[in-house]
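Residue numbers (this note's numbering), protein chains in the order written: chain U, 1 to 190; chain Z, 191 to 377.
Written below as structure tokens is the structure these notes are about.
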Amino acid sequence: MELDGNEKRLQTLFRELKLADERIAPEFKGVWDRAQAPSPGPSRLFNISLAVATALVVLTLSSLVLWSQIWRESKPSNSVLAAGPARIDLMPPPQSAMSGVIHLGRVEPANRARSSRGDRKVVARLHPNLNARYADVRKADSISNWQSPTATLLQSPADNVLTSLPQLDRSVTELKTFLPNTPSYQNRER
Amino acid sequence: MDITELKGELERLHSPSFGWALSCCRRDRADAEEVLQTVYLKILEGKARYRGESNLKTWLFAVIRKTAITEQRKRLLRVLKSKASSNSTAERTSFAAEPAAAFERSEVRERFQRALECLPARQREALHLVFYEDLSLREAADVMGVSIGSARQHYERGKRHLRVSLNREELDYGIRWERKETPDAVS
Chain U
1 MELDGNEKRL
11 QTLFRELKLA
21 DERIAPEFKG
31 VWDRAQAPSP
41 GPSRLFNISL
51 AVATALVVLT
61 LSSLVLWSQI
71 WRESKPSNSV
81 LAAGPARIDL
91 MPPPQSAMSG
101 VIHLGRVEPA
111 NRARSSRGDR
121 KVVARLHPNL
131 NARYADVRKA
141 DSISNWQSPT
151 ATLLQSPADN
161 VLTSLPQLDR
171 SVTELKTFLP
181 NTPSYQNRER
Chain Z
191 MDITELKGEL
201 ERLHSPSFGW
211 ALSCCRRDRA
221 DAEEVLQTVY
231 LKILEGKARY
241 RGESNLKTWL
251 FAVIRKTAIT
261 EQRKRLLRVL
271 KSKASSNSTA
281 ERTSFAAEPA
291 AAFERSEVRE
301 RFQRALECLP
311 ARQREALHLV
321 FYEDLSLREA
331 ADVMGVSIGS
341 ARQHYERGKR
351 HLRVSLNREE
361 LDYGIRWERK
371 ETPDAVS
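As structure tokens, this is what we get:
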């Protein structure tokens, strides 16, 4: 390649620059030795970060597997619950209260025919306090049904008077018939 | 190629490699040294492997160029991340403005370096590889990773820009010189 005047001038300038650079160039041995020297800092840092990343991945995967297992197990119970939710009655029904028998906390699944041991397990897992509540309800039931052994001694023929109430829309004369010493009362008793 | 043999070749090419690294690092000596060290490390670790497909000098220069670009990006990120970079920049500036080195540099060379720095990177690379490293345009194109046509274009444009830039510098220098010599300024 032939060089014109301008190119020759540029070449001279570049040669001058090259000579100046050669003077300031570092020794090959020094640079080579520095390159050969091990640099533990970044590699150790890399190892630590790699270990942390691996641990995170393992943790995430294991939690994912666990979660999917739980989800799979809870799936059939959802269908049971959807068919009819379990009803927990802690308040006594009004008729029972009037008759003197109190039913406390009877747990009744809405669809008793479908209930099975597996379903009960699922319900028990979904409601962890349920067993404790069952025990409480059973205890309350037994207390409410308790009767004194001497209760029969307290019964008398006049219990009806105390337990029955006259109707308020009757006249005074009619009300008098409820009095025990009147003849009409005696007739009614007969 | 055996590593011992390669080491010998690298030692032979060390000076031109440093010159090329300097050009890739915008004439920053510390950066050029760091780049060269990284290149040698890459070769030692086998990350950069010479397969004999091209000239060793061309291959080495291409590795230096790529490493310099990567290092420059890393440095830029580091500067953006840390505010403490101002100290290192100050150190570098002081290193560049070392009085002894400045004394050694001729006025012409300094003006030439200034003109070179004003050129776009590709044009500067093309001129450096042809005039400084005595590579052919094809070899320069291989190092730059462009086609020969593109390398020629960069080379021609670079020459033109450099001539204009040098002429302007000389003109500026002349005007300033005349002003200094004006007798009115003395009185």
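Ideal Cβ placement from N, Cα and C applies to all residues, glycine included.
Counting the other Cβ atoms within 10 Å of the Cβ of K29 of chain U gives fewer than 16, which makes it exposed. Only those residues of the segment 11–22 of chain U whose C-beta falls short of 7 Å from the nearest C-beta of chain Z are listed: Q11, L13, F14, E16, L17, K18, A20, D21 and E22. Between the segment 220–234 of chain Z and the segment 254–266 of chain Z, the count of Cβ pairs shorter than 8 Å is three or higher; the stretches touch. The shortest CA-to-CA distance from R347 of chain Z to any of Z:R255, Z:L203 and Z:L309 is the one to Z:L309. With contacts defined as CB atoms closer than 8 Å, S205 of chain Z and E22 of chain U qualify as a contacting pair. For E323 of chain Z, there is no enclosing alpha helix (DSSP H), since its DSSP letter is neither H nor E. Per the coordinates, the alpha-carbon of A258 of chain Z lies some 21 Å from the alpha-carbon of A305 of chain Z.
Contact annotation for S205 of chain Z against chain U: D21, E22 and A25 [CB-CB distance below 8 Å, chain order]. When DSSP states are grouped into helix, strand and coil, C214 of chain Z belongs to the helix group.
Chain Z places no beta carbon closer than 8 Å to that of A132 of chain U, leaving this residue out of the contacts.
Taken through DSSP and simplified to helix, strand or coil, K232 of chain Z comes out as helix. Taking the C-beta atoms as reference points, A252 of chain Z is found nearer than 8 Å to G335 of chain Z. Between the segment 343–357 of chain Z and the segment 6–13 of chain U there are three or more C-beta pairs closer than 8 Å, enough to call the two in contact.
Between A331 of chain Z and S337 of chain Z, the C-beta spacing is below 8 Å. Rounded to the nearest whole angstrom, the C-alpha separation of G198 of chain Z and N245 of chain Z is 15 Å.
Going by C-alpha positions, E359 of chain Z is about 17 Å away from R314 of chain Z.
Judged by their CB atoms, W249 of chain Z and H318 of chain Z are not nearer to each other than the 8 Å cut-off. With a cutoff of 8 Å on beta-carbon distance, L226 of chain Z and F208 of chain Z are scored as near each other. With respect to the 8 Å criterion, R216 of chain Z and Q303 of chain Z are not classified as neighbours on the basis of their beta carbons. The beta carbon of T228 of chain Z lies closer than 7 Å to those of T257 and E261 in the same chain, with the five residues before and after it left out.
By the 16-neighbour rule on beta-carbons within 10 angstroms, V172 of chain U is exposed.
At a C-beta separation below 7 Å, N47 of chain U has no neighbours in chain Z, since its nearest C-beta there lies roughly 16 Å away. Per DSSP, the unbroken alpha helix (DSSP H) holding R263 of chain Z starts and ends at L246 to K271. DSSP, read as helix, strand or coil, puts Q155 of chain U in coil. Counting only Cβ-Cβ distances below 8 Å, V52 of chain U has no contacts in chain Z at all, with the closest Cβ about 21 Å away. It is roughly 15 Å from the alpha-carbon of S62 of chain U to the alpha-carbon of V52 of chain U. For the 8 Å CB-CB criterion, H344 of chain Z and R299 of chain Z do not form a contact.
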